[in-house]
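Read the structure below first, then the notes.
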Amino acid sequence: IHNAVSMEDLKMKFIGLFGNTSLTRLFPTGFSNQDGIYCDKTPVSANINGDSIILLGNVYSIPGFNVSMSDSEDVLRVIYKTFQSDGGKALIGIDGDFSLIVKDQGGTRTSLFREFKGSGPQIFYNDDYFSNDLHLLLEISGHAASPDLEALAFFLMYGFTPPEKSGIQGVKRLAGGHL
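Numbering-wise, my numbering puts 722 at position 80 of the sequence shown, and it's gapless, one number per residue.
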């Protein structure tokens, strides 16, 4: 278990690659490789049964488990067990402001989860990359920052964008409670 950065730190930047995506740009200096997820600080993470788990944000309680929220290793083990039990549906019951990244042992499947309230770190993604920083995602992927006119029209009509839209064409945002 790595716990060099407290679970309170929501300012960490990260970027990851889906599947067999290769790098098209150099990663920014100061980022380190955490099992294929590049971070500017060391995240709360563990390797359980060969799978890499990274937790960003805060977990307050996990229903049905008596676990100390100050013990990062126990929290990650319980979250991983919950994730494995039903494909992630039970993750919705966990109280906190967090995002979770689970990368399987072979590196062929990466699962992203954002807690149900959507108050944890944002996760933006396109077909190849994911990140909690929109600017970093655009820079690394080489994706043009073209406005999503449909999302902007929705914003002008209703005062917000749909949860899955980022406002940039071809870039989505992971909605709260989604895997």
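Glycine included, C-beta positions come from ideal geometry on N, C-alpha and C.
Exercise. Closest to L778 by CA distance: which of G801, I721, V813 is it?
Worked result: Taking only the C-alpha atoms, the option nearest L778 is V813.
Exercise. Is I696 closer than 8 angstroms to P705 when the C-beta atoms are compared?
Worked result: For P705 and I696, no; Cβs fall outside 8 angstroms.
Exercise. Can the beta-carbon of N768 be found closer than 8 angstroms to that of H785?
Worked result: Their beta carbons are under 8 angstroms apart, which means N768 touches H785 by this criterion.
For this session: Note down, in chain order, each residue of its chain lying with its Cβ closer than 8 angstroms to the Cβ of I765, except the 5 sequence neighbours on either side.
Result: S741, L754, R756, F772, S773, N774, R815, L816.
For this session: Might you give, ordered along the chain, the residues of its own chain that have their beta carbon closer than 6 angstroms to the beta carbon of S703, omitting 5 neighbours on each side?
Result: Closer than 6 angstroms at Cβ, skipping near neighbours: D737.
For this session: Assign P789 to one of two classes, buried (16 or more other C-beta atoms within 10 Å of its C-beta) or exposed (fewer than that).
Result: By the neighbour-count rule (16 or more Cβ atoms within 10 Å), P789 is not buried but exposed.
For this session: Confirm, please, whether the CB-CB distance from F656 to Y680 is below 8 angstroms.
Result: Going by C-beta atoms, Y680 is nearer than 8 angstroms to F656.
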